[in-house]
Every structure is written in C-alpha cells, then in structure tokens.
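Participant: One structure coming up, written as structure tokens, with questions to follow.
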Amino acid sequence: MTFTGSVQYSMDLIGIFAFALSGAFLAVRKDFDVFGTIILAEVAGLGGGLFRDLVLGVKPVAFTDPGYYSAPVIAALIVFFSSRIHRHARLSDVFDTCDMAALALFGVTGTVKSLGHGFGTVPAVTLGLASAVGGGVLSSVLAIQVPALFQWTRDLYLLPALTGAVLVAVFRLAGVLNGGTAMAAAVCAIGLRLISMYFGWHTPRAYV
Amino acid sequence: MTFTGSVQYSMDLIGIFAFALSGAFLAVRKDFDVFGTIILAEVAGLGGGLFRDLVLGVKPVAFTDPGYYSAPVIAALIVFFSSRIHRHARLSDVFDTCDMAALALFGVTGTVKSLGHGFGTVPAVTLGLASAVGGGVLSSVLAIQVPALFQWTRDLYLLPALTGAVLVAVFRLAGVLNGGTAMAAAVCAIGLRLISMYFGWHTPRAYV
Amino acid sequence: MTFTGSVQYSMDLIGIFAFALSGAFLAVRKDFDVFGTIILAEVAGLGGGLFRDLVLGVKPVAFTDPGYYSAPVIAALIVFFSSRIHRHARLSDVFDTCDMAALALFGVTGTVKSLGHGFGTVPAVTLGLASAVGGGVLSSVLAIQVPALFQWTRDLYLLPALTGAVLVAVFRLAGVLNGGTAMAAAVCAIGLRLISMYFGWHTPRAYV
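Chains as they are written, first to last, in the working numbering: chain A, 1154 to 1361; chain B, 1154 to 1361; chain C, 1154 to 1361.
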C-alpha cells in the first residue's frame, strides 16, 4: 500500500516546512548568517528523510524534488527576515503545533515507506522514527546544542511519534494499512502529544 | 574467508552490547531521559557498523537483525534503571574491559567484512577502524562532548584496534586469514591495550 | 563532459590536502593526540566527497584511491610535528589561500560530478556545495565547535563556492561546460573570495 502521490507529497511538504522553521529559529537564536540559517533549515527539514533514504538504499528524495528542496529555503528566509518581529511576539505556540504535526506525519510516512521497501516491522518503525527526529537531532548537533529530544525536561516528544509508527506497523500486520488508517495513526500521535502537553507529562529520568 | 555465521554473530552481539553500555552510561551522566538513553545506546552500539555498511553499499545489518537491534535497548534499560547503584559502585573496570574487547573485535570483523566486499588493504583497515570507533564518536558528538578517542589524555585506544585490523590485512595478504587467525588478531589487540593500560602509555600530543 | 582524469585527480588531491591542513590545525588547537589529528584531517579532507558519493550512490572515492587516503595523513603529520613553529609564525595567510582554492575547486568538481550522475541543476549545485563545505562542517562538529561557515562574523565563505557551482550549472545548461569553462568557474569563485576579503564584506545576520 502507498498513499496516493499527491496526499503523500503534500504531507511531506508540510512536514519539511515545519521542521525547517524549527531549524531556522535555532539558527537565528545562535546568530548564524543567512546562509547558515538556510543550511540549518535544510538539515532540519530534510536530514531525517535523507538518513532514511540512505539506509533504504534509494535515491534521496531530498535531492530529486524541487519542492522538497525549496521549502526549507522559504522557511529560512521567512524566519531570518522576520526576526525583528518574532523575538518579541509569542509565535512559539504556532510553531510547536507545526512541529508536533510534522513529527507525527514523518513517523507515519517514514514507517510506511520503510515497510514498502521490504524492511521488517521493528526496523521499519525504527527507521520511521529516525526519519521523524533525525532532522531535529542533526540540526541541533550542527549548532553544537544537545538535542532537546534527549532531555528529560522536554515534554513527551518521541513517544507520540513512536505511537504513530507502531500503529502503522500494527495496521500493516493486520492487513488494514491504507491512506485512511495511516492518517488515523498520525492523528492518534498528535492527540497523544496534545494530551501530554495539557497534563505536563514527562518521560522518566534516571535516578541520579 | 568468512567466519562461520554463529561465531561472527556472537562476537557482533557482544561488541554491540559493550558499546551500547558505554553510550548508555554517557546518556545517564548527561541526564537524558529513558528514550534519549536508548537512542544513545543504539547509536553507540550500531553507529560504527551502520557507517561501514553505508560505505560498503550493503543493507545495514543494524536494520535487518532483531538481535542487533535489541541488544542496545537491553543495555540502555539496565544502565538506566540501575543508575542508583552504579553511581556509587566501581563498575568502570568491568565496563572498560567490555569496551576494550568490543573495540578489538569490531576492528577485526569490520576489516574482514570490508576485505570480503573487494576493498583494498588500506581502505579495508580504515573502514574496520571506523566501524570500531564510529559508534563511540557518533554518540559523543550527539551528546555534545569531544570524543575521548581524540584526546591525548586518553590511554592508548585507537592503536590496539589498528593493530588488530592491520594484522587481519597482513594475514590476508599472506593467505592465512581464517577464523582462528582473525581471533588471534583480536587477542593481540586486546593484549596491547592491557599492556598499555598497565604501563600507563599515552599517545603523543603536539608540542604546544 | 568530464575533466581529463589527471587534471581532475590533481585538483582533487590539492583540495583534499588543503582541507586536511585545516582539520589538522583545528585538532592541534584542541590538543588532540596524533591519531585524533589524523582522524580530523581525514574527515576534513574527505568528508565532503564521502557525503556526496553516498548521496550519489557510488563507491566513495575516499576509500578507493590510496592518494586520496594518504594526503590527509601527510597533512596531519606536517601540522602535528610542526606545531612548535606555526604557533608563533603567521602561516594563516598561506593556509587561508589553500582553503579558499580548495573550496572553489570542490564546489566546481562536486557539481560537475553530480550533473554527470543525472542529478538536476539545483540538486547538483547543492551537492557540489555540500561536498565543498561538508568536510569542514563535519570536522568542526567532531571537535564540538560551531562551524565557522555558519557565523555572520566570518568573511564571505559559502557565496564564492556557490558562485562557482552555479556557473558550472549555467555553462552546462548553455552547452559550453568543459575543462576550460569549469576552471574559469573556479577562478571566478576564488576571485570573488579575494575581493570580498579585500573589502571586508560579510553576509547579513538577522536583526536581533
């Protein structure tokens, strides 16, 4: 099963744009120049999918589609030239919502793509997760900052994406994976994230 | 020449587990949450082999075998939930021994695998070394910490692994590479590390 | 179109050596040991091309040619054992000139290679740029230092390489890409860098 091309493509573009915004905000906060901001936005938007495609052994979509490539540039320029506005305004809520949706979408679509290339259930879920969080982790490391994902002070971040990816794998094993159920998995992932933010849930830290 | 499957597989599992322990200890020391600890253990355990397989152009074993994938999860959970114990206890000796053995094993098996894919002697030794140290370097960088490997204050670390990898290449050129001689190369590598630790040898630093 | 083998090979070796010097200087400044210095030189010299080849899906040249592999080792040993000299002398001008030429060369040759593997104009330019700056970025990150490339305080760095890569793409679209015009693109890139250094131009930073 695959999504119809246009649905997959739109979801990918939205996700890439949302992650790229996140990378661009980090770059501006680190006082990078305009090229550094574009690079960090590209890495944040496309890094996860690039890693997934290298492991799958397919030509990375990041380098084949002009839309995938342009979305981070646009995100970077918006953030870069609006920095006078957003340093005072409270855009973080809008931004968090985008990032959350992107994470859920990428976890789901990455798992679907990996299953479609003959990977087993657990590897496909892992690769789906890696494509979801990879861009954020890579862009943090390039900016020499510990990825927020790893820190226990963060709200639930990986768990919702994991939930979406696992649901996709379960639907596949049950033979009911299609565009509708995949979308439902993404909605569940977003819902879990929203609930966890509302209640302020955290993942456990080691007792140290 | 290849090892018999089960010997190779057991050595790989032990090595992955030892490296994963190292990544998990780093994660707990950095106060990562449980997912961050699992991710760092996976990267430390599988990162070197993943890099090797991407360069070799083969499907990464990290994503094909459930054992390879599960070993770091188990290592992460053990370290994470025992942190109350090991922060006071002196487990570092046990741990150092595991890490040392893993480094020697990976240097040897990575070189053997690279030679088997038609790489020349020097590239195969390089790739063997990269598979041995890659996981540790990658997990350090993800945790924003200069890899210990690079620092002159560290005891001999790369040299023993290099010795093992070079011995494998020499055995191959001499036509005597087999499971036994490969194991002998790993034992030499471990021996050199033990001797260097006993005498407190260090690699030279630049005169600055 | 390709360059004649020997021209391409010589340009590659010069570029790799220049980048490797840069990585080795960073390693010595960070007080790495001799192996750490060699590793950082290898990453700085070969990292960009390795990334390009992994994305292109071809066997990385870094692991196939003994010259490519040896150049960084020589660069590392020179820097390492001469550190008593260059910490007092002003070698940075020589070094900057090498690095600048290498950046322009790699931007041009990386774009040519990517176009030759059927990549579109924009992806090929991106990949050419990535092969030019990749080694420097990777070696900085391994040494836990924000890549200078990203920072607005740096002189124009990416723009000259981008100019060279775009010129190659334009020449190709106009059907006039050959060894001579590719070299002209590299010369333009170096010229722009020299002019920008003379006038002290900087890329814009966000208004923060």
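All C-beta atoms, glycine included, are put in the ideal place defined by N, C-alpha and C.
Bear in mind that the values here come from a model prediction, so they are computed numbers and not experimental data.
For the candidate residues A:S1292, A:A1277, A:P1357, whose alpha-carbon lies nearest to that of A1318 of chain A?
Facilitator: Looking at the Cα atoms, A:A1277 is the closest of the given residues.
Participant: Note down, in chain order, each residue of its chain lying with its Cβ closer than 6 Å to the Cβ of A1228 of chain B, except the 5 sequence neighbours on either side.
Facilitator: So the list reads F1170, A1173, L1174, A1177, A1194, once near-sequence residues are dropped.
Participant: Quick one: residues in its chain with C-beta nearer than 6 Å to the C-beta of S1236 of chain A, no 5 flanking neighbours on either side, listed in chain order?
Facilitator: These residues qualify, in order along the chain: V1181.
Participant: With H, G and I counted as helix, E and B as strand and the rest as coil, what does DSSP make of D1206 of chain B?
Facilitator: Correct three-state label for D1206 of chain B: helix.
Participant: Which residue from B:V1232, B:A1283, B:F1204, B:P1313 puts its Cα closest to that of K1183 of chain B?
Facilitator: Of the listed residues, the one whose Cα sits closest to K1183 of chain B is B:V1232.
Participant: Less than 8 Å between the C-beta atoms of A1342 of chain B and A1257 of chain B, yes or no?
Facilitator: Result yes, Cβ atoms of A1342 of chain B and A1257 of chain B sit closer than 8 Å.
Participant: Closest to F1204 of chain A by CA distance: which of A:P1225, A:D1186, A:A1285, A:P1219 is it?
Facilitator: Of the candidates A:P1225, A:D1186, A:A1285, A:P1219, the one whose C-alpha sits nearest the C-alpha of F1204 of chain A is A:A1285.
Participant: Since L1311 of chain C meets chain A, which of its residues come closer than 7 Å, beta carbon to beta carbon?
Facilitator: Per Cβ cutoff of 7 Å: F1188.
Participant: Output yes if chain C places a C-beta closer than 8 Å to the C-beta of K1212 of chain A; else output no.
Facilitator: By this cut-off, K1212 of chain A is an interface position.
Participant: Go ahead and pull the three-state DSSP assignment for G1186 of chain A.
Facilitator: For the record, residue 1186 of chain A in the displayed sequence is Asp; it is not Gly. Correct three-state label for D1186 of chain A: strand.
Participant: Could you have a look at Q1304 of chain A and say whether DSSP puts it in helix, strand or coil?
Facilitator: Strand at Q1304 of chain A.
Participant: Throw me the rounded Cβ distance for the M1164 of chain C and T1262 of chain C pair, which I believe falls under 8 Å.
Facilitator: Their Cβ separation, rounded to whole angstroms, is 6 Å, which keeps M1164 of chain C and T1262 of chain C in contact under 8 Å.
Participant: Here's the rule I'm using: 16 or more other beta-carbon atoms within 10 Å means buried, otherwise exposed. How should W1354 of chain A be labelled?
Facilitator: Counting Cβ neighbours within 10 Å, W1354 of chain A comes out exposed, since fewer than 16 surround it.
Participant: Nearest-angstrom Cα distance between G1168 of chain B and V1299 of chain B?
Facilitator: Answer to the nearest angstrom: the Cα atoms are 22 Å apart.
Participant: In whole angstroms, what separates the C-alpha of W1305 of chain A from that of D1186 of chain B?
Facilitator: Spanning the two alpha carbons is a distance of roughly 4 Å.
Participant: With 8 Å set as the bound, which would you pick, yes or no: does the beta-carbon of I1297 of chain C sit closer than that to a beta-carbon of chain B?
Facilitator: Yes, its Cβ sits closer than 8 Å to a Cβ of chain B.
Participant: Within 10 Å of its beta-carbon, does G1333 of chain A have 16 or more other beta-carbons around it, so buried, or fewer, so exposed?
Facilitator: Exposed is the call here.
Participant: Comparing alpha-carbon positions, which option in A:Q1161, A:V1160, A:L1166, A:G1201 lies nearest S1292 of chain A?
Facilitator: The shortest Cα separation from S1292 of chain A among A:Q1161, A:V1160, A:L1166, A:G1201 belongs to A:G1201.
Participant: For chain A, find out if any of its Cβ atoms is closer than 8 Å to the Cβ of D1184 of chain B; answer yes or no.
Facilitator: Judged by the 8 Å Cβ criterion, D1184 of chain B is in contact with chain A.
Participant: Provide the residue span of the alpha helix (DSSP H) that contains R1346 of chain A, from first to last.
Facilitator: R1346 of chain A -> alpha helix (DSSP H) spans 1332-1352.
Participant: Applying the 10 Å Cβ sphere with the 16-neighbour rule, what's the burial state of A1254 of chain C?
Facilitator: Buried, by the Cβ-count rule.
Participant: What does the Cβ neighbour count give for I1121 of chain A, buried or exposed, with the cut at 16 atoms within 10 Å?
Facilitator: A question about residue 1121 of chain A goes unanswered here, because the residues of chain A that appear run from 1154 up to 1361.
Participant: Taking 7 Å as the line, does the beta carbon of Y1310 of chain B fall inside it for any heavy atom of the ligand SAM?
Facilitator: This structure does not include the ligand SAM; it has no bound ligands of any sort.
Participant: Taking the straight line between their C-alpha atoms, what separation do you get for F1188 of chain A and L1280 of chain C?
Facilitator: Computed Cα separation, rounded: 15 Å.
Participant: Compare the Cα-Cα distances from V1196 of chain B to each of B:A1215, B:K1266, B:Y1162 and report the closest residue.
Facilitator: Per the Cα distances, B:A1215.
Participant: When the Cα atoms are used, what is the spatial distance from G1328 of chain B to V1329 of chain C?
Facilitator: Each residue's Cα considered, the two are about 51 Å apart.
Participant: For the alpha helix (DSSP H) that F1216 of chain B lies in, which residues bound it at each end?
Facilitator: Looking at the DSSP string, F1216 of chain B is not in any alpha helix (DSSP H), and its letter there is neither H nor E.
Participant: Is there a Cβ of chain A sitting closer than 8 Å to that of L1230 of chain B, yes or no?
Facilitator: Answer no: the Cβ-Cβ gap between L1230 of chain B and chain A never drops below 8 Å.
Participant: For S1267 of chain B, count the other beta carbons within 10 Å of its own beta carbon; 16 or more makes it buried, fewer makes it exposed. Which is it?
Facilitator: Buried is the call here.
Participant: How many angstroms separate the CA atom of G1289 of chain C from the CA atom of L1320 of chain B?
Facilitator: Using only the alpha carbons, I get a separation of about 32 Å.
Participant: Rounded to whole angstroms, what's the CA-CA distance from Y1310 of chain C to I1192 of chain B? Just pull it up for me.
Facilitator: Each residue's Cα considered, the two are about 35 Å apart.
Participant: Which stretch, first to last residue, makes up the alpha helix (DSSP H) that contains G1288 of chain A?
Facilitator: Start and end: 1274-1295.
Participant: Check the Cβ of L1207 of chain A against every Cβ in chain C and list those closer than 8 Å, keeping chain order.
Facilitator: Within 8 Å Cβ-Cβ: L1207, V1208.
Participant: Leaving aside the five residues before and after V1294 of chain B along the sequence, list all residues of the same chain whose C-beta is less than 8 Å from its C-beta, in chain order.
Facilitator: P1300, listed in sequence order.
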